[in-house]
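The structure under discussion appears below in the form of structure tokens.
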Amino acid sequence: MEYCLHSQMVPFNNTGGNSSTWETKKIISFLEGEKLHEGDLYTHDSLAWMYVAPVLIVAGLIENCLSVAVLSHARFAHVPSRATLVALAIVDCVVLLIGLGRYWLSVTFRVYPVEWSNVWCKTISTFVLFSSHLSSCLVALLSVERFFAVRLPHKQFRPSIDKLGTLLLFLFCFGVDMVHLKYTVLQSGVNRTEVRTTEDTETPHLHVCTSESEWVAFWQDIADILLLFGLPYLIIVCCNTYIIITLRRRSNQLNRMSICRDTVESVSTDRIKGVCNCFGGNCPSRFSSRAGHSTTHSSYKDRNARITFTLLCVTFTFLLCNLPFAVVHILRTADNERRTEDWNIAWLVTYILVYVNNCLNFPIYVLSHPQFREELKTLLSFVKNPCN
């Protein structure tokens, strides 16, 4: 997931001692049209990106690719939300590769694609936001699908909610972010010959990829907050609350009914067996067939319960990883005085946690879903011994 502050979207600068601080102050003094702060440059230029970004990118790509490989198997053809889970894994790969890749390139190699031209500025900024919006909305769709599965357990939707919902969300996010593409521009902040470092080399990042005006930036920020966290948070909380309450209520009812049924069946079976024994006959076989039907029905319910538990874990993990950043981001943006070192560190740590969330779905599948775990073992054993 990617959060951008349009009114204060700043270029990335590799900090490096007193000369870098002097560069930052000079750039801020020249960019009269932009509300830039040293804290903005600090959070985007932290050396943490040099070490954290490659780890998350490699781990996330491997995990999400394995998720796609396992979920694409025929064994998972009828698993609820399969299409959404596959799409989410692919989108998370894009978010990690493009979102974190920008920071890693800028901090490690001083490569700044957004400064190459106005086209690159528009394309990269819009593409990152689109993939981030879609990732958040797909997680919310998981809760929506489970909500209808619990609310209308015998209803068969054609087309399925996950397939139709994934397509509609793709088109919706694409349409919204086309507006962002229209109003994003690359602005020149200062003449490159005016600012030089102590080594008399050119200072990087003299352009800023931002919005055309403060009014446009305000509404773009509102749209970002709503799509990245606001609406998904509201949908997930409402749907998951209903799911948990309903399942607990049904579980309690089934427990009470099971106790009553076992008592009645025990009494009835004992009487029938007594009559059969008196006449030297065998007991009717329908009791065993009923037991077999009950076992099959119970197995089906267990599979549904496992996938529901897995998807609840995915959605709640999304909330836990994104809520801290949403709070810090909003509070820090609302007041320019909250640009102190403590606030900047909090912003950076919680922002990294957002990207960590893009790597957590695979471990959740492995830990919470036995069928996924078994299929993963089969896949890995085949890769290890392809001739067997």
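Everything in the sequence shown is counted per UniProt numbering, starting at 1 for the first residue and increasing by one.
Where is the CB? At the ideal position from N, CA and C, for every residue including glycine.
- Query: Can you list, in chain order, the residues of its chain whose CB lies under 8 angstroms from that of Leu138, leaving out five sequence neighbours each side?
  - Reply: Against the sequence shown, residue 138 aligns to sequence position 138. Once the five neighbours on either side are set aside, the close Cβ partners of Leu138 are Thr84, Ala87, Leu88, Val91, Thr166 and Leu169.
- Whether Asn240 touches Ser143 by CB criterion (7 angstroms): The residue you call residue 240 lines up with position 240 of the sequence shown. The residue you call residue 143 lines up with position 143 of the sequence shown. Going by beta carbons, Asn240 and Ser143 fall inside the 7 angstroms limit.
- Query: Using the C-alpha atoms, what's the distance from Tyr112 back to Ser106?
  - Reply: Taking the sequence shown and counting its residues from 1, the one referred to as residue 106 is at position 106. Taking the sequence shown and counting its residues from 1, the one referred to as residue 112 is at position 112. One C-alpha to the other measures close to 6 angstroms.
- Query: Leaving out the 5 sequence neighbours to the left and right, which residues in its chain are closer than 7 angstroms to Glu375 when beta-carbon positions are compared?
  - Reply: Position 375 of the sequence shown, counted from the first residue, corresponds to residue 375. Around Glu375: Val70, His73 and Arg75.
- Task: Specify, as a first and last residue, the run of the alpha helix (DSSP H) that Thr166 falls within.
- Result: Residue 166 sits at position 166 when you count from the first residue of the sequence shown. Ile161 to Tyr183 is the span of the alpha helix (DSSP H), which, as asked, contains Thr166.
- Looking at Cys121 and Leu186, is the spacing between their C-beta atoms short of 7 angstroms? By one-based count along the sequence shown, residue 186 stands at place 186. By one-based count along the sequence shown, residue 121 stands at place 121. Yes, these two residues count as a Cβ contact at 7 angstroms.
- Task: Could you tell me the boundaries of the alpha helix (DSSP H) in which Gly101 lies?
- Result: Here residue 101 is taken as the residue at index 101 of the sequence shown, counted from 1. Per DSSP, the unbroken alpha helix (DSSP H) holding Gly101 starts and ends at Gly101 to Phe109.
- Message: According to DSSP, simplified to helix, strand and coil, what is Pro324?
- Response: Residue mapping note: residue 324 aligns to position 324 of the sequence shown, counting from 1. For Pro324, the three-state secondary structure derived from DSSP is helix.
- Per-residue DSSP class, three states only, for Asn385: By one-based count along the sequence shown, residue 385 stands at place 385. Note: Asn385 maps to coil in three-state DSSP.
- Query: What three-state label does DSSP hand Ala77 in the structure shown?
  - Reply: As a position in the sequence shown, residue 77 is number 77, starting the count at 1. The answer is coil: DSSP assigns Ala77 none of H, G, I, E or B.
- May I ask you to verify whether the region 337-353 touches the region 303-315, counting CB pairs closer than 8 angstroms and requiring at least 3? Segments in contact, no.
- Alpha-carbon to alpha-carbon, Phe148 and His154: For this step, residue 154 is matched to residue 154 along the sequence shown. For this step, residue 148 is matched to residue 148 along the sequence shown. Distance between the alpha carbons of His154 and Phe148 is about 10 angstroms.
- Item | Proximity winner among Ser67, Val354, Ala48 and Val327, relative to Leu379 (alpha-carbon distances) | Indexing the sequence shown from 1 puts residue 379 at position 379. With distances taken between Cα atoms, Leu379 lies closest to Ser67.
- Alpha carbon of His329 to alpha carbon of Asn358, nearest angstrom: Stepping through the sequence shown from its first residue, residue 329 is reached at position 329. Stepping through the sequence shown from its first residue, residue 358 is reached at position 358. Their Cα atoms are separated by approximately 19 angstroms.
- Item | Rounded distance between the beta-carbons of Ser132 and Leu348, thought under 8 angstroms | The residue labelled residue 348 in the question sits at position 348 within the sequence shown. The residue labelled residue 132 in the question sits at position 132 within the sequence shown. The Cβ separation is near 17 angstroms, so there is no contact.
- Could you name each continuous beta strand (DSSP E) segment of 3 residues or more that falls completely within the region 201-256, going from the start of the chain to the end? If only uninterrupted beta strand (DSSP E) runs of at least 3 residues are considered, those enclosed by the region 201-256 are 207-211.
- Assign Val55 to buried or exposed, taking buried as 16 or more other Cβ atoms, counted over all protein chains shown, within 10 Å of its Cβ. Locating residue 55 in the sequence shown gives position 55, counting from the first residue. Val55 comes out exposed.
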